[in-house]
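Residue numbers (our numbering): 2 to 352.
Note that CB positions come from ideal geometry on N, CA and C, so glycine has one too.
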């Protein structure tokens, strides 16, 4: 497909995914979970408002590129435009293409590797480059996006609890959600050990969202297993979110697998099994937890399911000390209907 190039003007390659989000482009581009991926917007128009830097999810752009149907200029005002943010991040935007056709191809199982290239490159060269690109799940994206140095995010107002968050690619809005609830968060690198986590004596341990294939993360699985075992032995409770949820399942002996069609967007309906409540939430994942006998054998039950495709969207341990969700309670972009996940985690921490 041919279109108009904006942003950095450079070529790009990556795993192609689509998001159903109609706004929040700045949050999407700066979300570490999009590392290694080019994003197709299913919404037909983008760019018509300026971006607030305070709402960006990290200090830099992580997505490899953006594909839109119609790109428009925003009115004058503070903050960068979508094109300006892409240029700052060194990534291209291609507009004027049939994003509906691309989305349908992806929905029907088309190859996901894609390239944005200049016209000077022949079609055959573009196809060869796409086929020869490195697969998304063959790269250690977490090592590229997670912090290498511990840091502390202060609570907003009086401190009620202290948490350790293992950073696999955390979003600023997730840290802000805990800070707003009076939680001081110590953020540790992804390669931290369970023993090192314990030295901080937290009230709660959080496994953050992040990019990549969790089945390749042996060290992170081992750490989550140690933390979960500690929670069952009277240590701090554990909350896994997105990648943290997947790592918890693997630590419990369950399996994960690639979704036929990834979940990206802010309009997925999720059913909470215990209450029967349905929340509309933000999703961003290419991998799902397999609901098999290993989960029950380890004491886990499925707490949430996606109503579109029945994917496991949450787990809870029989002890009540361990829980996880696949979706993003913090939204950004997307609704925060399920933000009580944070409140329940804090209740467990203070119990």
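Measure how close the beta-carbons of residue i and residue j come, nearest whole angstrom, since I'm counting them as under 8 Å.
i	j	result
residue 335	residue 88	Between residue 88 and residue 335 the Cβ distance is about 26 Å, and since that is not below 8 Å, they are no contact.
residue 66	residue 94	7 Å
residue 117	residue 12	6 Å
residue 184	residue 347	6 Å
residue 110	residue 270	Actually they do not touch by this definition, with Cβ atoms about 23 Å apart.
residue 42	residue 69	5 Å
residue 211	residue 33	6 Å
residue 155	residue 131	Not really, about 45 Å apart at Cβ, beyond 8 Å.
residue 189	residue 168	6 Å
residue 171	residue 209	4 Å
residue 280	residue 339	4 Å
residue 187	residue 151	6 Å
residue 207	residue 248	Residue 207 to residue 248, Cβ: 12 Å. No contact.
residue 284	residue 264	4 Å
residue 10	residue 98	At roughly 17 Å, the Cβ-Cβ gap does not stay under 8 Å, so residue 10 and residue 98 are not in contact.
residue 14	residue 134	5 Å
residue 8	residue 84	6 Å
residue 147	residue 191	4 Å
residue 233	residue 306	That pair is no contact at about 24 Å.
residue 291	residue 258	6 Å
Which term fits residue i, buried or exposed, when burial requires 16 or more other beta carbons within 10 angstroms of its beta carbon?
i	result
residue 361	With the chain covering only 2 through 352, there is no way to say anything about residue 361.
residue 217	exposed
residue 202	exposed
residue 287	buried
residue 39	buried
residue 104	buried
residue 108	exposed
residue 311	exposed
residue 100	buried
residue 31	buried
residue 47	buried
residue 178	buried
residue 57	buried
residue 113	buried
residue 344	exposed
residue 20	buried
residue 215	buried
residue 200	exposed
residue 224	buried
residue 342	buried
residue 166	buried
residue 237	buried
residue 119	exposed
Could you give the residue range of the alpha helix (DSSP H) that holds residue i?
i	result
residue 308	Per DSSP, residue 308 belongs to no alpha helix (DSSP H) and is neither H nor E.
residue 275	Taken as a continuous stretch (DSSP letters only), residue 275 belongs to no alpha helix (DSSP H), as it is neither H nor E.
residue 338	Note, residue 338: premise wrong, no alpha helix (DSSP H); not H, not E.
residue 138	Where residue 138 is concerned, there is no enclosing alpha helix (DSSP H), given that its DSSP letter is neither H nor E.
residue 174	173 to 181
residue 56	Careful: residue 56 lies outside any alpha helix (DSSP H) and carries neither H nor E.
residue 128	124 to 133
residue 90	83 to 90
If I follow the unbroken beta strand (DSSP E) through residue i, where does it start and stop?
i	result
residue 343	Where residue 343 is concerned, there is no enclosing beta strand (DSSP E), although the alpha helix (DSSP H) it sits in stretches over 341 to 351.
residue 42	38 to 42
residue 13	13 to 20
residue 1	This structure leaves residue 1 out entirely; the chain is present only between 2 and 352.
residue 66	66 to 68
residue 29	Here residue 29 belongs to no beta strand (DSSP E); instead the alpha helix (DSSP H) covers 26 to 30.
residue 6	5 to 8
residue 324	323 to 326
Worksheet item: Can you list the beta strand (DSSP E) stretches of 3 or more residues lying completely in the region 97 to 121, in chain order?
Response: 114 to 117
Worksheet entry | Segments assigned alpha helix (DSSP H), at least 4 residues, entirely inside the region 279 to 303 | 294 to 298
Worksheet item: How do the region 133 to 140 and the region 154 to 164 stand: do at least 3 beta-carbon pairs fall below 8 Å, yes or no?
Response: no
Discussion item. Which complete alpha helix (DSSP H) runs does the region 143 to 167 hold, if anything under 4 residues is left out?
Written reply: none
Worksheet entry | Any 3 or more C-beta pairs closer than 8 Å across the region 56 to 70 and the region 296 to 316 | no
Fill in: Continuous alpha helix (DSSP H) assignments of at least 4 residues falling wholly in the region 189 to 223
195 to 199
Worksheet item: Are three or more beta carbon pairs between the region 66 to 75 and the region 216 to 234 nearer than 8 Å?
Response: Segments in contact, no.
Worksheet item: Are the region 235 to 249 and the region 324 to 340 touching, with three or more C-beta to C-beta distances below 8 Å?
Response: yes
Worksheet item: Looking at C-beta atoms only, is the number of pairs between the region 271 to 291 and the region 118 to 130 that lie closer than 8 Å three or more?
Response: no
Discussion item. Three Cβ pairs or more, each shorter than 8 Å: is that satisfied between the region 252 to 260 and the region 292 to 303?
Written reply: With a cut-off of 8 Å, the region 292 to 303 and the region 252 to 260 count as touching, because enough Cβ pairs lie within range.
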